[in-house]
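In terms of the working numbering, the sequence shown opens at residue 1 and continues consecutively.
All C-beta atoms, glycine included, are put in the ideal place defined by N, C-alpha and C.
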Amino acid sequence: MSLGERLPLVGYTEMATPTMNGSSLLAAEACPPEVREILHAAISGEELTFQQGLTLATAEGSTLEALVAVADRLRRGIVGDAITYVVNRNINFTNVCFVGCSFCGFGRGPGAADAYSLSFDEVVRRAREAWERGATEVCVQGGLPRDLDGFFYRNLLRAIKHAIPEMHVHAFSPMEIDYGVTKTGKGLGSIPGTAAEILDDRVRKELSPNKLPAARWVEIITAAHELGIPTTSTMMYGHVEEPADLVRHILLLRAIQKRSGGFTEFVPLGFIHENTRLYRHGGARPGAKREEHLRVHALARVLLHGAIKNLQVSWVKLGFETSLACLQAGGEYVSPEEFRMKIRSIGRVPAERTTTYKIRRIFDKPENDPQTALAQLPMALTESHVTYAEGAY
Ligand code: SF4
């Protein structure tokens, strides 16, 4: 689980293409012929087209139920019933940022009363504290201050790895890399695929004209993959985007994955509208509702089938109940004690993984669960903010 605020997922077990089971078959049969045909294609392992994706992207009522059932069937065939989590801590080293994304409630100007920047010592102290409490990963991201030293990212990475060599450092979004990272030296374990939002420059201009263009995001991510550095992939939904934007975004990620194989997972991120300029000025919907969360997760599972195996559900943003529903719409997710209990409540098996999906422990019997001190770790004020951390904006 996130000692701060992050999300998890499931390990992958190779299995044959699933066949339609009773409930997904029944649900599909009740759909209009066009949808039925698409769902049959999905379940038999075919790669869906943009037009087929677009049809599913507007699914409602019983059609949505059928999509969810099929997505859940695909999930079971690909990753089985385990729901995994990585024990990590998010360290957002500064909230000072000049970029000014309109959907962001996290970034501050350098003179703001609540602006902060952590020293390297403090970042290392938090990382060490996490390690001592069982974390295997720190997710390190922040705002973009104008006066950042050219070697800041590299030095921050070195400081953490010097203090805790075995800690997996999942750090620096493509935006941060675009801004300053050219040489990080040894130590970077993986990169968060954040800053993707919607990979379409028309939408990006509405959300954040100062952010890197879609092509630059793709260039950085694929360069990382070519260097053997895995990344996550994300998509922010529930703001100004149209269904076609979602489908195009997911299909772009699918195409990248087919070339590089470097994505560890896909993380749909619902837009959090509170405290954002974008919403205040009437430019966006107030985030997605439960039905839309379900549709997006199921759509992603179906469109990414055969490409990206792991689909992460952001409990931080969706809350437990919707997250559990999404876990039955093709998603997987999670984290420690309380999560293990929630996972078992829907008949699935909790397991702890590494950042790159190696299973560390499977908790098949509640009586064997470790009693850790994770839940007691005090969350620093800055860590409670989910804005720029993976899985949240
Ligand atoms: S989303 Fe990131 S880059 Fe954009 S304003 Fe917020 S902190 Fe800055």
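Secondary structure of residue i, DSSP reduced to three states
| i | result |
| --- | --- |
| tyrosine 396 | Nothing can be reported for residue 396: it is not among the residues displayed for the chain, which extend from 1 to 393. |
| methionine 236 | strand |
| phenylalanine 50 | helix |
| valine 313 | coil |
| alanine 351 | strand |
| threonine 63 | helix |
| arginine 89 | strand |
| threonine 322 | helix |
| valine 267 | strand |
| isoleucine 191 | strand |
| isoleucine 160 | helix |
| glutamate 242 | coil |
| glutamate 219 | helix |
| glutamate 34 | helix |
| arginine 128 | helix |
| valine 70 | helix |
| threonine 231 | strand |
| serine 44 | coil |
| valine 203 | helix |
| glutamine 328 | coil |
| alanine 171 | strand |
| isoleucine 272 | coil |
| valine 123 | helix |
| glutamate 137 | strand |
| serine 102 | coil |
Inter-residue CB distance, residue i and residue j (contact presumed, cutoff 8 Å)
| i | j | result |
| --- | --- | --- |
| leucine 56 | valine 302 | 6 Å |
| alanine 27 | glutamate 65 | 6 Å |
| leucine 253 | isoleucine 308 | 7 Å |
| methionine 236 | leucine 212 | Not really, about 15 Å apart at Cβ, beyond 8 Å. |
| glycine 270 | glycine 238 | 5 Å |
| alanine 369 | arginine 340 | A small fix is needed here, since residue 369 is aspartate in this sequence, not alanine. Indeed they touch by this definition, with Cβ atoms about 6 Å apart. |
| valine 247 | serine 314 | The Cβ separation is near 20 Å, so there is no contact. |
Residue j beta carbon less than 7 Å from that of residue i
| i | j | result |
| --- | --- | --- |
| histidine 170 | glutamate 132 | no |
| isoleucine 38 | glutamine 52 | yes |
| alanine 196 | threonine 232 | no |
| glycine 330 | alanine 298 | yes |
| valine 96 | proline 110 | yes |
| serine 173 | glutamine 141 | yes |
| proline 243 | threonine 58 | yes |
| valine 123 | alanine 163 | no |
| leucine 294 | valine 68 | yes |
| glycine 105 | threonine 276 | yes |
| alanine 223 | isoleucine 191 | no |
Close Cβ partners of residue i (< 7 Å) along its chain, the five nearest in sequence each way excluded
| i | result |
| --- | --- |
| lysine 183 | Residue placement at lysine 183 is poorly supported in this model, since its pLDDT is 40, which falls under 50; the coordinates are not used for a value here. |
| proline 286 | His273, Tyr279 |
| tyrosine 179 | Leu144 |
| glycine 319 | none |
| alanine 214 | Leu199, Asp200, Asp201, Arg204 |
| glycine 150 | Gly180 |
| alanine 135 | Leu3, Val87, Asn88, Arg89 |
| valine 70 | Ser24, Ala28, Leu39, Ala42, Ile43, Val302 |
| glutamate 292 | Gly238 |
Cutoff 6 Å; reference residue i; Cβ partners in own chain excluding five residues on either side
| i | result |
| --- | --- |
| leucine 278 | Ser102, Phe103, Ala284 |
| arginine 126 | Ile91 |
| threonine 17 | Summary for threonine 17: the model assigns pLDDT 40, below 50, so the residue's position carries little reliability; its value from the coordinates is reported in the next sentence. Only Gly45 meet the Cβ criterion. |
| arginine 290 | Thr322 |
| arginine 348 | Asp81, Ile83 |
| aspartate 245 | Ile198, Asp200, Val203 |
| arginine 146 | Phe98 |
| glutamine 328 | Asp72 |
| isoleucine 177 | Ile220 |
| arginine 36 | Ala28 |
Close-in-space but distant-in-sequence residues of the same chain around residue i (CB under 8 Å, 5 per side omitted)
| i | result |
| --- | --- |
| serine 62 | Ala27, Ala30, Cys31 |
| serine 345 | Leu324 |
| glycine 185 | Any reading at glycine 185 must be qualified, since the residue scores a pLDDT of 47, below 50, and its modelled position is unreliable; the value itself is stated next. Excluding sequence neighbours, glycine 185 sits near Arg154, Leu157, Arg158. |
| valine 240 | Val203, Glu206, Leu207, Leu278, Gly283, Ala284, Arg285 |
| lysine 258 | Ala307 |
| isoleucine 160 | Val123, Val124, Ala127, Val138, Val140, Met167, Val169, Gly187 |
| valine 218 | Leu199, Leu252, Ile256 |
| alanine 288 | Tyr237, Gly238, Gly270, Phe271, Val296 |
Chain D within 7 Å of residue i, Cβ atoms only
| i | result |
| --- | --- |
| serine 345 | Absent here is chain D; the protein component of the structure consists of one chain. |
Practice problem: For the stretch 74 to 86 and the stretch 256 to 268, state whether three or more C-beta atom pairs, one from each stretch, are separated by less than 8 Å. | Solution: no
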